[in-house]
Amino acid sequence: MTFSHDENMSRKEPLVLMVPGLEGSGPGHWQRRWAEELDNCEIAELGSWSTPHRNTWINRLNLAVHRAGRPVIIVAHSLGCILTAWWSKFEQPAWGSPVAGALLVAPPEVDFFPRDDRLTGFAPTPGDALPFPSILVGSRNDPWIGIETARRMARQWGSEFVDVGNAGHINADSGLGSWEDGKVLLGRLMDRVPAQVGPSAPIAASAVNADWAEGLEFRA
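So in full-length UniProt numbering, spot 214 of the sequence shown is number 214, and the numbers just go up one at a time.
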């Protein structure tokens, strides 16, 4: 697969790419609100929200990242956080290229007695440090993960850990509205984006077609 280099990419405003988890982020979820309220923000279309397949999701996230043609800030929720770690492990991006940072909110436990059996396909949780700045946000009463497990995950990934107290799964049911505190964390993360990032590596137009992601569905 051939990638091209956009020399003007480092001067472009980063794309804030929302990466939802299981069942997507429906109406009322702060991710959906941010996509409507913030400039340069969109939601990654991973498909199969009710029946997630790890490798299919990795490839669809990869497609969304490279199509951006500019620096990307990932804002992931729940299973989307684990997906982001898997994407980083498979694609091994260089520092700031093409993903310049990640806000990882309420990652779930997938290794030991996950709350939903559909999460087991994403186990084991990657333990490699992420090659870009990241903030991991955890809640003390998240039914999907214990706070100490989330804290340990942050250490493994090299992420700053933020404890938001009792906020459930930090989703629509948490009553956060547009989650203004989360926007503050996003701003903090964006301040850490390197002034110069590497090549955006957009996928060549000839490589983007319906068969591309489908053909890589069972990637090892």
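Every residue, glycine too, gets a C-beta built ideally from N, C-alpha and C.
* By how many angstroms is the C-alpha of residue 93 removed from the C-alpha of residue 86? -> Against the sequence shown, residue 86 aligns to sequence position 86. Against the sequence shown, residue 93 aligns to sequence position 93. Rounded to whole angstroms, residue 86 to residue 93 spans 12 Å at the Cα level.
* Expected contact under 8 Å - CB spacing of residue 61 and residue 83 to nearest Å -> As a working note, residue 61 is residue 61 in the sequence shown. As a working note, residue 83 is residue 83 in the sequence shown. The beta-carbon distance between residue 61 and residue 83, rounded to whole angstroms, is 6 Å. This is short enough to meet the 8 Å contact definition.
* To do: Only counting runs of 4 or more residues, tell me where the alpha helix (DSSP H) segments fall wholly within the segment 141-204, in order along the chain.
  => You should have 147-157, 180-190.
* Under 8 Å, do residue 31 and residue 75 count as touching if we go by C-beta distance? -> The count along the sequence shown starts at 1 and reaches residue 31 at position 31. The count along the sequence shown starts at 1 and reaches residue 75 at position 75. It is a contact, given that the beta carbons lie within the stated cut-off.
* Touch test, the segment 177-184 against the segment 139-159, Cβ-Cβ under 8 Å, three pairs minimum -> Flag = no, the segment 177-184 and the segment 139-159 do not touch.
* Alpha carbon to alpha carbon, what distance is there between residue 54 and residue 121? -> Locating residue 121 in the sequence shown gives position 121, where the first residue counts as 1. Locating residue 54 in the sequence shown gives position 54, where the first residue counts as 1. Cα to Cα, residue 121 sits roughly 6 Å from residue 54.
* With a cut-off of 8 Å, do at least 3 Cβ pairs link the segment 96-109 to the segment 39-57? -> Counting Cβ pairs under 8 Å, fewer than three are found: no touch.
* Bounding residues of the beta strand (DSSP E) (the contiguous stretch that carries residue 42) -> If you number the sequence shown from 1, residue 42 lands on position 42. Counting along the chain, the beta strand (DSSP E) containing residue 42 begins and ends at 41-43.
* Asked: Quick one, are the C-beta atoms of residue 142 and residue 168 less than 8 Å apart?
  -> Locating residue 142 in the sequence shown gives position 142, counting from the first residue. Locating residue 168 in the sequence shown gives position 168, counting from the first residue. Yes, they are a contact pair.
* Asked: Going by the C-beta, is residue 138 closer than 7 Å to any heavy atom of the ligand ADP?
  -> In terms of ligand content, the structure shown is empty, and the ligand ADP therefore cannot be addressed.
* Rounded to the nearest angstrom, how far is the Cβ of residue 137 from that of residue 164, given a contact under 8 Å? -> On the sequence shown, residue 137 is found 137 positions in, with the first residue counted as 1. On the sequence shown, residue 164 is found 164 positions in, with the first residue counted as 1. Right, the Cβ-Cβ distance comes to about 6 Å (below 8 Å), so this counts as a contact.
* In whole angstroms, what is the alpha-carbon distance linking residue 35 and residue 29? -> Here residue 35 is taken as the residue at index 35 of the sequence shown, counted from 1. Here residue 29 is taken as the residue at index 29 of the sequence shown, counted from 1. As the crow flies, the alpha-carbon of residue 35 is around 10 Å from that of residue 29.
* Asked: Taking DSSP as the reference, what is the three-state secondary structure of residue 119?
  -> Start at 1 with the first residue of the sequence shown, and residue 119 comes out as number 119. Reduced to three states, the DSSP call for residue 119 is helix.
* Asked: Using the C-alpha atoms, what's the distance from residue 66 back to residue 144?
  -> Stepping through the sequence shown from its first residue, residue 144 is reached at position 144. Stepping through the sequence shown from its first residue, residue 66 is reached at position 66. Straight-line Cα distance between these residues: approximately 31 Å.
* Span of the alpha helix (DSSP H), counted from its first residue to its last, around residue 88 -> Within the sequence shown, residue 88 is the residue found at index 88, counting from 1. Here the alpha helix (DSSP H) through residue 88 covers 79-91.
* Asked: Which residues bound the beta strand (DSSP E) around residue 129?
  -> The residue given as residue 129 occupies position 129 in the sequence shown. Premise fails: residue 129 is in no beta strand (DSSP E) and is neither H nor E.
* Does DSSP classify residue 22 as helix, strand or coil? -> Counting from one through the sequence shown, the residue named residue 22 turns up at place 22. Residue 22: coil per DSSP, three-state reduction.
* Grab me the residues of residue 89's own chain with a C-beta within less than 6 Å of its C-beta, minus the 5 sequence neighbours each way, in chain order. => Taking the first residue of the sequence shown as 1, we reach residue 89 at position 89. Cβ within range, chain order: 126, 128.
* **Beta-carbon contacts of residue 153 that lie in its chain and below 7 Å, excluding the five residues immediately before and after** => On the sequence shown, residue 153 is found 153 positions in, with the first residue counted as 1. For residue 153, where only same-chain residues beyond five positions count, the Cβ hits under 7 Å are 107, 125, 136.
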